[in-house]
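**Student:** Chains as they are written, first to last, in the numbering used here: chain C, 10 to 301; chain X, 10 to 301; chain H, 10 to 301; chain L, 10 to 301; chain V, 10 to 301; chain D, 10 to 301.
The structure follows.
Number of protein chains: 6
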Amino acid sequence: MGKYNDSIIPDFPWETIDSDIERWLEQDIGCGDVTSDPLPLDGVRITAEVLAKSKGVASGVGGFLRILKKSDPELVITKAVPDGTQYNTGEILISVTGDARRLLRAERTALNLLTHLSGIASLTSEFVKLTVGTKAKIVDTRKTTPGLRSLEKYAVRCGGGSNHRPGLDASVMLKDNHVALVGSNLEEAIKRIRQINGHTTKVEVEVDDIDMVENAVGAGADVVMLDNMTPDDGREAVQLVGDQVIVEASGGITLENVRDWAESGVDVISVGFMTHSAPSADLSLEFKSLDS
Amino acid sequence: MGKYNDSIIPDFPWETIDSDIERWLEQDIGCGDVTSDPLPLDGVRITAEVLAKSKGVASGVGGFLRILKKSDPELVITKAVPDGTQYNTGEILISVTGDARRLLRAERTALNLLTHLSGIASLTSEFVKLTVGTKAKIVDTRKTTPGLRSLEKYAVRCGGGSNHRPGLDASVMLKDNHVALVGSNLEEAIKRIRQINGHTTKVEVEVDDIDMVENAVGAGADVVMLDNMTPDDGREAVQLVGDQVIVEASGGITLENVRDWAESGVDVISVGFMTHSAPSADLSLEFKSLDS
Amino acid sequence: MGKYNDSIIPDFPWETIDSDIERWLEQDIGCGDVTSDPLPLDGVRITAEVLAKSKGVASGVGGFLRILKKSDPELVITKAVPDGTQYNTGEILISVTGDARRLLRAERTALNLLTHLSGIASLTSEFVKLTVGTKAKIVDTRKTTPGLRSLEKYAVRCGGGSNHRPGLDASVMLKDNHVALVGSNLEEAIKRIRQINGHTTKVEVEVDDIDMVENAVGAGADVVMLDNMTPDDGREAVQLVGDQVIVEASGGITLENVRDWAESGVDVISVGFMTHSAPSADLSLEFKSLDS
Amino acid sequence: MGKYNDSIIPDFPWETIDSDIERWLEQDIGCGDVTSDPLPLDGVRITAEVLAKSKGVASGVGGFLRILKKSDPELVITKAVPDGTQYNTGEILISVTGDARRLLRAERTALNLLTHLSGIASLTSEFVKLTVGTKAKIVDTRKTTPGLRSLEKYAVRCGGGSNHRPGLDASVMLKDNHVALVGSNLEEAIKRIRQINGHTTKVEVEVDDIDMVENAVGAGADVVMLDNMTPDDGREAVQLVGDQVIVEASGGITLENVRDWAESGVDVISVGFMTHSAPSADLSLEFKSLDS
Amino acid sequence: MGKYNDSIIPDFPWETIDSDIERWLEQDIGCGDVTSDPLPLDGVRITAEVLAKSKGVASGVGGFLRILKKSDPELVITKAVPDGTQYNTGEILISVTGDARRLLRAERTALNLLTHLSGIASLTSEFVKLTVGTKAKIVDTRKTTPGLRSLEKYAVRCGGGSNHRPGLDASVMLKDNHVALVGSNLEEAIKRIRQINGHTTKVEVEVDDIDMVENAVGAGADVVMLDNMTPDDGREAVQLVGDQVIVEASGGITLENVRDWAESGVDVISVGFMTHSAPSADLSLEFKSLDS
Amino acid sequence: MGKYNDSIIPDFPWETIDSDIERWLEQDIGCGDVTSDPLPLDGVRITAEVLAKSKGVASGVGGFLRILKKSDPELVITKAVPDGTQYNTGEILISVTGDARRLLRAERTALNLLTHLSGIASLTSEFVKLTVGTKAKIVDTRKTTPGLRSLEKYAVRCGGGSNHRPGLDASVMLKDNHVALVGSNLEEAIKRIRQINGHTTKVEVEVDDIDMVENAVGAGADVVMLDNMTPDDGREAVQLVGDQVIVEASGGITLENVRDWAESGVDVISVGFMTHSAPSADLSLEFKSLDS
């Protein structure tokens, strides 16, 4: 087990999700935990360990701990791997000790966050590994789960990926819809965009045919995005314009074809699947009574 | 294309997520849409259609429309299938017309909700279909995405599944952790729980060995949950206690083994996978300029 | 003074009301405390004690302290009875020392919570005491004050009562309205509900006539609720169906008639009055300058 | 039935509680209404009437309707008395028609608001009636339910009462605590307060002994508040200083002694009981199927 | 450098803006700090100092620190002047040490608050200084920046000013609009207001002509506000009614004419400019690596 | 009066500030409008006009109207200039008719937004006009008022300016602090940033000496920002690197020197002053009774 990518995953600003945490706990606990509350657990302390039931990459450890600490401010943390850690089946990622009822009632909320983010990080790392030795960068999209944009993009970074634009205000993405709406005059559209936007936004143009690539570059694109095309198209696009603009592949990227894409010479491969369809990481929380 | 399960999927109370919608839009739009805002789209109207790129079950149509209407109150809806509808590849689920910029800036937020919920409904329906002809009911768990508990449980209902307890306050689930913490005296634990809780909460006991089943029933459980056991164990449990309590199978349920489980005679099969790992539904929003 | 019901009142998850606390303080303080702010109180510390001016049962002590600590993180707590404590006139429930201005500006907010919840706990305990020696359980209803559902249900537990369903999603309650709406076919309604709901929800049926009791049980009810009937009706209902279902009395329960109801043999007595009409507990906050 | 106090109760700014309404509904509905959702109620419309089961004064009618409209935007309102209306047992205050499920799931939330506020208005009107013919004004205090300050103060106005200061920032109230903290120099305290505060805040001084009344006035009070004193004290205070300052009675005011207080000549009588201990108004929502 | 007005500026209740702080941080940080996150700054600590680049009066120091502590709970504060401190160019107001990335990502949010509030305090102090030796009090208005009412009114106090009414519920302000709407009968309007409002609200009447002053006083005003009039008008108004009511000047007050106004004898001068148009204070945050 | 810059100011997504509007109204109205509420204004309708008392550029008209409509859903709008409109003294920007009390209680909140944003737009337009005929673009900074980032950046666009990066996640800005922290190795820092960030973020480097300009470009900067330098420095920088990178001037820009800067040939001039210190626009709301 080792830190996946050690210095490049500074911790998420967990302090910005405190009110989310409060709401998540409230939604799960509601009017009380009808299982643990009635049991004679006053003053009982317990140790809980997060156990990996399959291998993966950790993401959300700090959030997991923040949720438990919100529930039990006296929580003692004896182990916590940093986000970005690659773990194997059977390894313990986190170990904490605290009040039994307080841990039991926050357990599910904390795990739901950790397994969701670690699932994304783990899938991302699969894509990233398949690009080793190429210059292709794996990036996410805006296809994220409602309310979790910044967390999921952080999970992608934990898995070794990079982030595409965070939102509509950060970078331009001209799709065929936009171009059609303005009379198919791509050059005029880009000119107008550059005139009005500030200087920090790049202009990316989506093309769905290899014939449009040079046109996009000629019109002034900084990035050309090949939408639902093939690695061979990618190779051709790179030859045509690879020294002038960034070439991005998007649409239909899978673990099966990502290597082909990476070897085509494209600079960037964007994968919506990593954030919108990653299966949850298989992590469980094992409780141990302190006496056992 | 037909309504999956027509009268049993009353619409989600979308009115309770209005502030979530506002926040989701704010997070995506931020300081403005640097692509569409500069384009000369004042007064331009556009038609957008949600197109199925693979088959599935719809969930979240009302939420999708509410997001678009939040962005464009003048939205005209010309088609919208009800939630629970089974659709095939190539079908149009929704068709709306509205202001180009207002639709473009809400598109991603609306689609992210719809594809997430429809993904859950679609996967749920796969499990449900595999139980046809048995008495087994497919239910979800509390393993939901942070912040989306009630929406995801609704999606499960859209797919033909039923809901396990909504939160910690609604129903008792005694796991081995709980029992260990109170000195392994299950009978005393249940007695205490019944004494203190109100009369509307059922008591479910998790067992991980067939030998514990009769013990749980003897101690007063209403539901016995077989955790990570086999369909054969299920069959045995049903024979032992099936006429006294509800028997639930949980843990390790997959599309491959769910039929075996269903045929074992258990009453309920709970599947965390449906909510925490369902891939997003493959739906896209196609824009058409009104003149085209 | 002793803990009312010692091991069964685990503390409320106060961490889930932090943003409420912030809002409550903001609404009372607004642009500043125009009384204390101008006075020369820099660095002045003060001791404040919560004094009982009549007897009752404590509820909300943890919330009271959390509010004061929010205002003054340096607060020193020298006494705090646990929730559920029965207290007499003249007793001190809580004693704290802190910054004068910070205590003065949070005082009213903290007391408003404590006296509201203790009022409910105290009234609940009156009902509970009158059922001693019977099997009848005192429970609340959903008739709670807007925004305070979970806190008020907790206060009921502090007073020795139990909770009816926390919300619409936890348990079924078929009223005559529902039955009328579906053509008066109770059996079909229950069948449909059981088919679609998960396995953790019980079905309660409201009846307003003794003749309907057996009908409800025959249709499959788990609980029969006698609405606005008499203790004699209760006795009859228990004889008819008491060994098959839970019998609940509701409507018109008062401190005067609750004993009659309890002795009728019903299992559960639900009282809306405890949450929607409990008078506030008579507790005052006495300040002492540290020099006095 | 007639408007209690017709022109002086402008409607509450209900638009400022929309997010509260959303949260209240969410807390009650949670993951769905397990009673109504499974029933075959698609497209069924229903009429609901608020029926008075005892007499009182209405408050919160606009809020009640706003909650129902949030749940069912197609709601048709056929009757709604204005807030401040005095009603008798058996009268219908509100009549609406809408979608059955949407009304059923918002019913309890809407009623909880209406009965809470009408309870306060009704109790206030009892106090107000007992002061008829005197100059004494009935006012509330800051002893309000957490989160409901502005609504409860509105309910007091609906009942014919007036409002004491809305919060700590609006008006000065010097209690003995404050005076003790600054060395018992009331004159210096008031001088300092007036020097620093703006010109819109009045200064009220609490006294608990008739001997302190002239002292307070001499020190510069605008209002003298007699705390837990007797109507005879009130009479004496009025004779001493009634032409110089406003005299307020507070503490221990009940329906039994309020007339004595009013006749003592005091200007203002403040009653915490009206907001913190008013029993809920006895109003029920009767559903009628549209066919019946 | 000395405390401006030492004992009269009790610290703002910063605990009431915690959720604002969380939101402000979230809006600036979004999906991560793309500048600092990639740099190898793990474990690097840094010292940051707030340096005055021009003179002024401090306001918001506690808020500035609370924001940094939210981002870095391990923050060490080595210097922090109290709010209300007059500072000169080149002085250090605050010095803190903490984690480099955590300070860098909260820096702008913290500074934006501090410079905004200190700008208001500084401008206020300019007005206040120009009234020295007169009885005129400088007060603010309700012309504040959306969302920052209580903070900006606090900043005014830091600068030595006082606060006009905090909101619509605290004090009456009859403008000509109001009077016109009720048929120009000022006396009747005031009578009605006094009859219905509680006893803690003063009545202020706006006049825009010297001829209306005595009329306002005769009708029962507590305060007469001269709207957009001249210091000579002020002098005349004071002679006419200065011993009966408070005279306030408002409208068109500038640093150039405020002295004239103060010398006219008016009691209060209200200045909207201080809150809605104060330039930000010129404060910068200088970082020092701990090794340098 | 004419639209300032007609097609390039698409309306702000006002739907994303609905909960802010609710909170702003709540903070101003509190427990009620003690001036208008008591007056006999039931059913009285009124016309209100926004009048320009000095010239400027409009921003926030849609937000102003949304606030009034929140308060009075029946509002009738008879005139409303589009944002970006240049107006002169004496012109009417907006005219609405509605319920008197509902307009009076929302007036201040609505005006506070409109005058704040229009103040920023107006000041921005002053800067923009002074750059006419040059290629220099006027942009804002992240020095915005807490909570108002996206609105203020929109106001800048209304005034003809462009936006610098919306937040920390959109674009890289390497300041000397960053470079010092990583051992002054700018090249290595940029390489690392490019390796880890996605492909949509540009890299801007701040320099405070002309000698550093070529160094920054050599290290790989996309944008070089001249911090607190002179127009002559700007000219020199443009000559050195103007054909390779974007050159931005920042720090100390005023209406006096902006023309010099624009003529120096720099591409971008960033001005914090426009957002953090713009005086409020002088707009007033004039009420007219409908009969007058």
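Positions of the beta carbon are idealized from the N, C-alpha and C atoms, including for glycine.
Only a predicted model underlies this, so the values are computations on that prediction, with no experimental measurement involved.
Is the Cβ of residue 159 of chain D closer than 8 Å to any Cβ of chain X?
**Tutor:** The residue given as residue 159 of chain D occupies position 150 in the sixth sequence. Closer than 8 Å: yes.
**Student:** Please report how far the alpha carbon of residue 250 of chain V lies from the alpha carbon of residue 222 of chain V, in whole angstroms.
**Tutor:** The residue given as residue 250 of chain V occupies position 241 in the fifth sequence. The residue given as residue 222 of chain V occupies position 213 in the fifth sequence. Those two C-alpha atoms are separated by around 8 Å.
**Student:** Got a sec? Which residues, its chain only, sit under 7 Å from residue 73 of chain X by beta carbon, not counting five neighbours each side?
**Tutor:** For the purposes of this step, residue 73 of chain X is taken as residue 64 along the second sequence, with counting starting at 1. Counting only Cβ-Cβ distances below 7 Å, and skipping sequence neighbours, we find 103, 119, 122 and 123.
**Student:** Leaving out five residues before and five after residue 163 of chain C in sequence, what residues of the same chain have Cβ atoms less than 6 Å from its Cβ?
**Tutor:** Here residue 163 of chain C refers to the residue found at position 154 of the first sequence. These residues qualify, in order along the chain: 21.
**Student:** Under a CB-based cut-off of 8 Å, is residue 38 of chain L close to chain X?
**Tutor:** Taking the fourth sequence and counting its residues from 1, the one referred to as residue 38 of chain L is at position 29. Chain X, which has a Cβ nearer than 8 Å to the Cβ of residue 38 of chain L, makes this yes.
**Student:** What is the rounded straight-line gap between the Cα of residue 284 of chain L and the Cα of residue 189 of chain V?
**Tutor:** Counted from its first residue, the fourth sequence places residue 284 of chain L at position 275. Counted from its first residue, the fifth sequence places residue 189 of chain V at position 180. Going by the C-alpha atoms only, they are around 36 Å apart.
**Student:** By Cβ distance below 6 Å, which residues in the same chain neighbour residue 87 of chain V in space, the five residues on each side in sequence not counted?
**Tutor:** Counting from 1 along the fifth sequence, the entry for residue 87 of chain V is found at position 78. These residues qualify, in order along the chain: 104.
**Student:** Taking a cut of 7 Å between CB atoms, which residues from the stretch 24-52 of chain C lie near chain V?
**Tutor:** Residues passing the 7 Å Cβ filter: 24, 25, 27 and 28.
**Student:** Roughly how many angstroms separate the alpha carbons of residue 235 of chain L and residue 286 of chain L, rounded to a whole number?
**Tutor:** Here residue 235 of chain L refers to the residue found at position 226 of the fourth sequence. Here residue 286 of chain L refers to the residue found at position 277 of the fourth sequence. In a straight line, the C-alpha of residue 235 of chain L is about 22 Å away from that of residue 286 of chain L.
**Student:** Could you check if residue 273 of chain H is buried or exposed, using at least 16 other CB atoms within 10 Å of its CB as the buried criterion?
**Tutor:** Residue 273 of chain H sits at position 264 when you count from the first residue of the third sequence. Counting Cβ neighbours within 10 Å, residue 273 of chain H comes out buried, since at least 16 surround it.
**Student:** Between residue 262 of chain D and residue 213 of chain D, what straight-line distance do the alpha-carbon atoms span, to the nearest angstrom?
**Tutor:** Reading the sixth sequence from its first residue, position 253 is the one you call residue 262 of chain D. Reading the sixth sequence from its first residue, position 204 is the one you call residue 213 of chain D. Approximately 19 Å, taken between the alpha carbons.
**Student:** Rounded to the nearest angstrom, what separates residue 241 of chain D and residue 266 of chain D at their Cα positions?
**Tutor:** As a working mapping, residue 241 of chain D is identified with position 232 in the sixth sequence. As a working mapping, residue 266 of chain D is identified with position 257 in the sixth sequence. Those two C-alpha atoms are separated by around 12 Å.
**Student:** Below 9 Å between beta carbons is the criterion; list the residues of the stretch 204-216 of chain C that meet it against any residue of chain D, in chain order.
**Tutor:** Answer in chain order: 204, 205, 206, 207, 208, 209, 210, 211 and 213.
**Student:** Do residue 295 of chain C and residue 60 of chain C have their C-beta atoms closer together than 8 Å?
**Tutor:** Working through the first sequence from its first residue, we reach residue 295 of chain C at position 286. Working through the first sequence from its first residue, we reach residue 60 of chain C at position 51. Closer than 8 Å, so yes.
**Student:** Please list the residues of the stretch 108-124 of chain C that have a C-beta atom closer than 7 Å to any C-beta atom in chain H, keeping them in chain order.
**Tutor:** Under the 7 Å Cβ criterion, the stretch 108-124 of chain C contributes 110 and 114.
**Student:** Quick one, are the C-beta atoms of residue 136 of chain H and residue 129 of chain H less than 8 Å apart?
**Tutor:** Here the question's residue 136 of chain H lines up with position 127 in the third sequence. Here the question's residue 129 of chain H lines up with position 120 in the third sequence. Not in contact: residue 136 of chain H and residue 129 of chain H (Cβ atoms no closer than 8 Å).
**Student:** What does the alpha-carbon distance come out to for the pair residue 155 of chain C and residue 33 of chain X?
**Tutor:** Locating residue 155 of chain C in the first sequence gives position 146, counting from the first residue. Locating residue 33 of chain X in the second sequence gives position 24, counting from the first residue. Computed Cα separation, rounded: 6 Å.
**Student:** Could you pull the start and end residues of the beta strand (DSSP E) that residue 182 of chain D belongs to?
**Tutor:** Mapped onto the sixth sequence, residue 182 of chain D falls at position 173. Its beta strand (DSSP E) spans residues 181-183.
**Student:** How far does the beta strand (DSSP E) with residue 54 of chain L in it extend, from its first residue to its last?
**Tutor:** Stepping through the fourth sequence from its first residue, residue 54 of chain L is reached at position 45. That run of the beta strand (DSSP E) goes 54-61.
**Student:** At least one CB of chain H closer than 8 Å to the CB of residue 176 of chain L: is that the case?
**Tutor:** For the purposes of this step, residue 176 of chain L is taken as residue 167 along the fourth sequence, with counting starting at 1. Taking Cβ atoms only, chain H reaches closer than 8 Å to residue 176 of chain L, which makes this a yes.
**Student:** Measure the beta-carbon distance from residue 71 of chain C to residue 23 of chain C and round it to whole angstroms, keeping in mind my assumption that it falls under 8 Å.
**Tutor:** Within the first sequence, numbered from 1, the residue matching residue 71 of chain C stands at position 62. Within the first sequence, numbered from 1, the residue matching residue 23 of chain C stands at position 14. 5 Å between Cβ atoms; contact.
**Student:** Can you tell me whether residue 90 of chain V is buried or exposed, with buried defined as 16 or more other CB within 10 angstroms of its CB?
**Tutor:** The residue you call residue 90 of chain V lines up with position 81 of the fifth sequence. Classification for residue 90 of chain V: buried.
**Student:** List, in order along the chain, the chain C residues whose C-beta lies closer than 7 Å to that of residue 96 of chain H?
**Tutor:** To locate residue 96 of chain H, count along the third sequence from 1; it is residue 87. Chain C residues near residue 96 of chain H: none, gap ~20 Å exceeds 7 Å.
**Student:** Does any heavy atom of the ligand ADP sit closer than 7 Å to the C-beta of residue 31 of chain H?
**Tutor:** Absent from the structure shown: the ligand ADP. Ligands present: none.
**Student:** Quick one: residues in its chain with C-beta nearer than 8 Å to the C-beta of residue 192 of chain V, no 5 flanking neighbours on either side, listed in chain order?
**Tutor:** As a working note, residue 192 of chain V is residue 183 in the fifth sequence. Correct list: empty, nothing qualifies.
**Student:** Restricting to Cα atoms, I'd like to know which of H:37, H:63 and H:62 is closest to residue 76 of chain H.
**Tutor:** Along the third sequence, one-based indexing puts residue 76 of chain H at 67. Ranking the options by Cα distance to residue 76 of chain H, first place goes to H:37.
**Student:** Quick one: Cα of residue 63 of chain H to Cα of residue 94 of chain L, how far?
**Tutor:** As a position in the third sequence, residue 63 of chain H is number 54, starting the count at 1. As a position in the fourth sequence, residue 94 of chain L is number 85, starting the count at 1. Between residue 63 of chain H and residue 94 of chain L, the C-alpha separation is close to 36 Å.
**Student:** Which class does residue 68 of chain C belong to by DSSP, given the choice of helix, strand or coil?
**Tutor:** The sequence position of residue 68 of chain C within the first sequence is 59, counting from 1. Reduced to three states, the DSSP call for residue 68 of chain C is coil.
**Student:** Check the Cβ of residue 82 of chain X against every Cβ in chain L and list those closer than 7 Å, keeping chain order.
**Tutor:** To locate residue 82 of chain X, count along the second sequence from 1; it is residue 73. In chain order: nothing, as chain L lies at least about 12 Å away.
**Student:** In terms of alpha-carbon separation, which member of X:19, X:297, X:40 and X:291 lies closest to residue 160 of chain D?
**Tutor:** In the sixth sequence, residue 160 of chain D corresponds to position 151, counting from 1. Taking only the C-alpha atoms, the option nearest residue 160 of chain D is X:40.
**Student:** Once the 5 residues before and after residue 225 of chain H are set aside, which same chain residues still bring their CB inside 7 Å of it?
**Tutor:** If you number the third sequence from 1, residue 225 of chain H lands on position 216. So the qualifying residues of the chain are 195, 214, 216 and 233.
**Student:** Any chance you could list the beta strand (DSSP E) runs of at least 3 consecutive residues sitting entirely within the stretch 187-264 of chain H, in chain order?
**Tutor:** The stretch 187-264 of chain H contains these whole beta strand (DSSP E) runs: 212-216, 232-236 and 255-259.
**Student:** Which residues of the stretch 268-287 of chain D have a Cβ closer than 7 Å to any Cβ of chain V? Give them in chain order.
**Tutor:** Listed in sequence order: 285 and 286.
**Student:** In this structure, what does DSSP give as the bridge partners for residue 163 of chain D?
**Tutor:** For the purposes of this step, residue 163 of chain D is taken as the residue at position 154 of the sixth sequence. DSSP output for residue 163 of chain D lists no bridge partner at all.
**Student:** Does DSSP put residue 44 of chain C in a helix, in a strand, or in coil?
**Tutor:** To locate residue 44 of chain C, count along the first sequence from 1; it is residue 35. Note: residue 44 of chain C maps to coil in three-state DSSP.
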